[in-house]
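Everything below concerns the one structure shown next.
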Amino acid sequence: MMGNLIVTTGTKSAPENIEIAERMARRLDVSYIARGRDSLASMKQKYKTAYVLVVRHGDLFLETPSGEFFFHPNMAHVRIKNLRQGKKDRFIEAAGIKMGMTVLDCTLGLGSDAIVASYVTGETGAVRGLEVSPVIAAVVAFGLKRMTTPNNVALAAMRRIQVIAADYKDFLCQQPDKSVDVIYFDPMFRRPLLDSVSLNPLRFLADSRPLSEDAVREAWRVARCRIVMKEARDSQEFSRLGFSVYEGGRYSRVGYGVVDLSSGK
Ligand SMILES: C[S@@+](CC[C@H](N)C(=O)[O-])C[C@H]1O[C@@H](n2cnc3c(N)ncnc32)[C@H](O)[C@@H]1O
């Protein structure tokens, strides 16, 4: 995971960007460094870090050794469009998510699955997303609140998501029994699909620990309907953690494991 982080702005920055950068630095408890005329390369050298959070045109861009990390809901848009055309979404099907449900996404990452879940649960439901990496949580929470798009339905879905910077293990322990309909885990795959381009910059920042039996046990206590896990389709993680593999997606390398609590399985 990452070392120290600094926050700055682009070279010609409006006061609004400086204000956002200072706010982010406070939130992440790291230093805000006025950009001046310095290049990012020289700032990295001077402050001995490979990670710089840059506020440009009111958006956040995190420089990492494996590329720039920023919030982009493109995949979620495509999936919402497909759902609106009556097509099915494998994650939504596997998780059994319906309008009005409450969903706890334990591994928010870029937020794509959470956005699609929020679209389906609608105004009468609720989606909370947990992310253990404070900087990922900050960038994604900021993007979800700030992103504008002509697609009002997707926008409303993004705005409704509540982002919490927390470890799911700690968070689950504090939740009452049977207090959430669906609990979802999408941990970093044990064997990454390296061509998953959108996740590449995330790899250095993300927590890659496997899902623990303890966390799954807590999820059993807290969930009412289903617990769902995403992994590579042939992953041993499903059987290790007691998930039944959800059929479908014959040509996909991704699989979903399900614990269906409503049917007593
Ligand atoms: C594969 S990504 C999730 C991608 C996400 N489903 C999406 O649609 O963009 C996994 C994320 O879970 C986070 N994570 C890993 N362990 C966690 C934990 N114990 N608590 C909260 N988040 C965790 C990682 O930091 C990473 O950002």
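Just so we're aligned, residue -11 is where the sequence shown starts under the working numbering, counting upward by one.
All residues carry an ideal CB built from backbone N, CA and C; glycine is no exception.
Because the structure is a prediction, the values reported are computed rather than measured.
| Check | Outcome |
| --- | --- |
| Give me, in chain order, the residues of the same chain whose beta-carbon lies closer than 7 Å to that of F192; leave out the 5 immediate sequence neighbours on both sides. | M(-10), T52, P53 and S54 |
| Using a 10 Å radius around the Cβ and a threshold of 16 neighbouring Cβ atoms, would you call E4 buried or exposed? | exposed |
| Just the C-alpha distance for I(-6) and V247, rounded to the nearest angstrom, thanks. | 41 Å |
| Tell me the DSSP bridge mates of V43? | T(-3) and L48 |
| Would you report the Cα separation of N(-8) and V233, rounded to the nearest angstrom? | 40 Å |
| For the putative contact between D101 and F79, defined by C-beta atoms under 8 Å, what is the C-beta separation to the nearest angstrom? | 6 Å |
| Grouping DSSP H, G and I as helix and E and B as strand, with all else coil, what is T90? | strand |
| Could you spell out where the beta strand (DSSP E) holding S232 opens and where it closes? | S232 to Y234 |
| For A129, which residues in the same chain have their Cβ closer than 6 Å to its Cβ, ignoring the five residues on either side in sequence? | V151 |
| Grouping DSSP H, G and I as helix and E and B as strand, with all else coil, what is M217? | strand |
| State the CB to CB distance for the pair K86 and V108, rounded to an integer number of angstroms; the pair is presumed to be in contact (CB under 8 Å). | 7 Å |
| Excluding the five sequence neighbours on either side, which residues of its own chain have a C-beta within less than 8 Å of the C-beta of D222, listed in chain order? | G243 |
| Tell me which same chain residues have a C-beta within less than 7 Å of the C-beta of G237, skipping the five on either side of it? | R78 |
| Under the rule that 16 or more other beta-carbon atoms within 10 Å means buried, what is S227, buried or exposed? | exposed |
| Compute the Euclidean distance between the alpha carbons of Y239 and G24, then round it to the nearest angstrom. | 51 Å |
| Exposed or buried, which one is E56 when buried takes at least 16 other CB atoms within 10 Å? | exposed |
| Would the region 164 to 175 and the region 199 to 216 be scored as touching if the rule is three or more Cβ pairs under 8 Å? | yes |
| Can you tell me the Cα-Cα spacing of E7 and H60, whole angstroms? | 22 Å |
| Rounded to whole angstroms, how far is the Cβ of V104 from the Cβ of F58, which I believe are closer than 8 Å? | Not quite, the Cβ-Cβ distance comes to about 19 Å (not below 8 Å), so this is no contact. |
| Taking 8 Å as the threshold (beta carbon to beta carbon), is A203 in contact with chain D? | Included in the structure is just one protein chain, with no chain D present. |
| So, for T136: in the same chain, excluding its five sequence neighbours on each side, which residues have a beta-carbon less than 6 Å away from its beta-carbon? | none |
| Return the chain-ordered ranges of every alpha helix (DSSP H) run that is complete within the region 158 to 215 and spans a minimum of 4 residues. | 190 to 193 and 201 to 210 |
| With a threshold of 16 other CB atoms inside 10 Å of the CB of C213, please say whether the residue is buried or exposed. | buried |
| Determine whether the beta carbon atoms of V42 and G113 lie at a separation below 8 Å. | no |
| In its own chain, which residues sit with a C-beta less than 8 Å from the C-beta of E119, not counting the 5 before and 5 after it? | T95, L96, G97, A125, V128, V151, I152, A153 and A154 |
| Select from T90, M12 and G117 the residue whose C-alpha is nearest the C-alpha of F49. | M12 |
| If you reduce the DSSP assignment to three classes, tell me which class K253 lands in. | Interpretation of K253 is limited by its pLDDT of 43, a score under 50 that renders its predicted location unreliable; no figure is taken from the coordinates. |
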